[in-house]
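Novice: First residue of the sequence shown? That's 71 in the numbering used here, and the numbers climb one at a time after it.
Each residue gets a CB set at the ideal place from its N, CA and C atoms; glycine is no exception.
This structure is a prediction, so every number in the text was calculated from the model and none was measured.
First, the structure itself, so that you have it in front of you.
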Amino acid sequence: MTQLQQQIKAAFPRLTLRLDEPLARHTAFRIGGPAEVMAFPSTVEELSGLLAWAGGRGIVPAVLGSGTNVLAAERGRRGLVICTKGALTGVERTGPDTIRAMAGTTMAATASFAASLGLSGLEFAHGIPGSVGGGLYMNAGAYGGEMAQVAIQTEYLDFGGNPGVLTGDEQGFSYRRSGFTGKPLVILAGTFRLTPGDPAQIRQTMAQLMARRKASQPLELPSAGSTFKRPVGGYAAQLIEQAGLKGYRVGGAAVSAKHAGFVVNLGGATEADVLAVIHYVQQRVRETSGITLEPEVIRL
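See the structure below:
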């Protein structure tokens, strides 16, 4: 047992901890070696205490939600990884047209809760596999909807365990970014303002969007979803396909033959395989179109 593992176990005997936990179990790519310590705080108080303890010792944690947009290395990660999925969960109605969801709640569960109340605006989120925290962090979106359209307040803790709140434009949303992106902050919860609607119609829209997703995306294979951000004046998948890269493969990683915007794990893919595919796609698309694709995937 490492010194860090001993210290955290002694300091937080009731906190759910996993030592040398494979990151592959917590990333949609199913890639990643052991995390020295992975913590699953179930309350804001636990998370705040853990962050304050780590900050006082100069320990900078990595924060993980559903891991649906993350690429981890086979060598794993030394230090502390905090996982909110399945830990900081719960969603509640806070007003006639508002709901509040904890960061570890899935986007799908949040959308379904809104639908059950006859509140429209989160239909786009039903098929997004990530958590609310991750969705707010990157302003997740699909089919014309995004978190920026409905998020009115985001609660967070800094890496010292101190609470804060951003509202409205303070949240800093832009395309696949927010005011939290790259900052030493942990999102706790988001409040969403929605529009009253017919529950049956809302569920029908959710079902239609899910059907479109299943028909067009390689959901049967591990991936991090859309690998690249949408470039100005075009679509990444179209540019990749025009470059003749559908099915291009390095080791166990490949450009999906079903949707060129996805890099998938065909089995046994490594971080190096995925990065090699990404870099080659960037090179070829730049050569054929003059456009530089920017990865959407975050490296842990």
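(1) Which ranges would you report for the beta strand (DSSP E) in the stretch 331-368 if only whole runs of at least 3 residues count?
(2) Using a threshold of 8 Å, state whether the C-beta atoms of residue 196 and residue 181 are closer than that.
(3) Can you give me the start and stop residues for the beta strand (DSSP E) that residue 180 sits inside?
(4) Look at the alpha carbon of residue 191 and the alpha carbon of residue 277, and state the distance between them as a whole number of angstroms.
(5) Which residues share a DSSP beta bridge with residue 108?
(6) Are there 16 or more other CB atoms within 10 angstroms of the CB of residue 327, so buried, or fewer, so exposed?
(7) Return the residue from the list 325, 313, 336 and 323 that minimises the CA-CA distance to residue 359.
(8) State yes or no: is the C-beta of residue 136 within less than 8 Å of the C-beta of residue 204?
(9) For the structure I just gave you, are there three or more beta carbon pairs, one from the stretch 110-129 and one from the stretch 313-325, closer than 8 Å?
(10) Which residues mark the beginning and the end of the alpha helix (DSSP H) in which residue 121 is found?
(11) Would a check of beta-carbon distances place residue 263 closer than 8 Å to chain B?
(12) Smallest Cα separation from residue 247: which of 346, 274 and 216?
(13) Could you check whether the stretch 96-104 touches the stretch 139-157, counting it as contact only if at least three pairs of C-beta atoms, one from each stretch, sit closer than 8 Å?
(14) Is residue 194 helix, strand or coil by DSSP?
(15) Quick check: the stretch 223-230 against the stretch 249-261, are there 3 or more CB pairs under 8 Å?
(16) Pop quiz: residue 152 and residue 134 are said to be a contact at Cβ under 8 Å. What is the actual Cβ separation, rounded to whole angstroms?
(17) By how many angstroms is the C-alpha of residue 165 removed from the C-alpha of residue 306?
(18) Is the stretch 235-242 touching the stretch 276-295 in the sense that three or more CB pairs, one from each, lie closer than 8 Å?
(19) Can you give me the start and stop residues for the alpha helix (DSSP H) that residue 172 sits inside?
Specialist: Concretely, from the data shown:
(1) 332-335
(2) As a first step, residue 196 is located in the sequence shown; it is residue number 126 there, counting from the start. As a first step, residue 181 is located in the sequence shown; it is residue number 111 there, counting from the start. Cβ distance < 8 Å, so residue 196 and residue 181 count as in contact.
(3) Here residue 180 is taken as the residue at index 110 of the sequence shown, counted from 1. No beta strand (DSSP E) holds residue 180; the alpha helix (DSSP H) holding it covers 177-186.
(4) Residue mapping note: residue 191 aligns to position 121 of the sequence shown, counting from 1. Residue mapping note: residue 277 aligns to position 207 of the sequence shown, counting from 1. So the two alpha carbons sit approximately 14 Å from each other.
(5) Sequence index remark: in the sequence shown, residue 108 carries index 38 (1-based). In the DSSP output, where bridge partners are listed per residue, residue 108 has 88 and 151.
(6) The sequence position of residue 327 within the sequence shown is 257, counting from 1. Flag for residue 327 reads exposed.
(7) Residue mapping note: residue 359 aligns to position 289 of the sequence shown, counting from 1. With distances taken between Cα atoms, residue 359 lies closest to 313.
(8) By 1-based counting over the sequence shown, the position of residue 136 is 66. By 1-based counting over the sequence shown, the position of residue 204 is 134. Cβ atoms of residue 136 and residue 204: closer than 8 Å.
(9) no
(10) For the purposes of this step, residue 121 is identified with residue 51 of the sequence shown, where counting begins at 1. Its alpha helix (DSSP H) spans residues 114-126.
(11) In the displayed structure, chain B is absent; only one protein chain is listed.
(12) Within the sequence shown, the letter at position 177 stands for residue 247. Measuring from the Cα of residue 247, the nearest candidate turns out to be 216.
(13) yes
(14) If you number the sequence shown from 1, residue 194 lands on position 124. In the structure shown, residue 194 sits in a helix (DSSP, three-state: H, G or I).
(15) yes
(16) For the purposes of this step, residue 152 is taken as residue 82 along the sequence shown, with counting starting at 1. For the purposes of this step, residue 134 is taken as residue 64 along the sequence shown, with counting starting at 1. Going by Cβ atoms, the distance from residue 152 to residue 134 rounds to 7 Å, so yes, they are a contact pair.
(17) Within the sequence shown, numbered from 1, the residue matching residue 306 stands at position 236. Within the sequence shown, numbered from 1, the residue matching residue 165 stands at position 95. Straight-line Cα distance between these residues: approximately 39 Å.
(18) no
(19) Here residue 172 refers to the residue found at position 102 when the sequence shown is read from its first residue. Looking at the DSSP string, residue 172 is not in any alpha helix (DSSP H); the run it does join, the beta strand (DSSP E), is 168-172.
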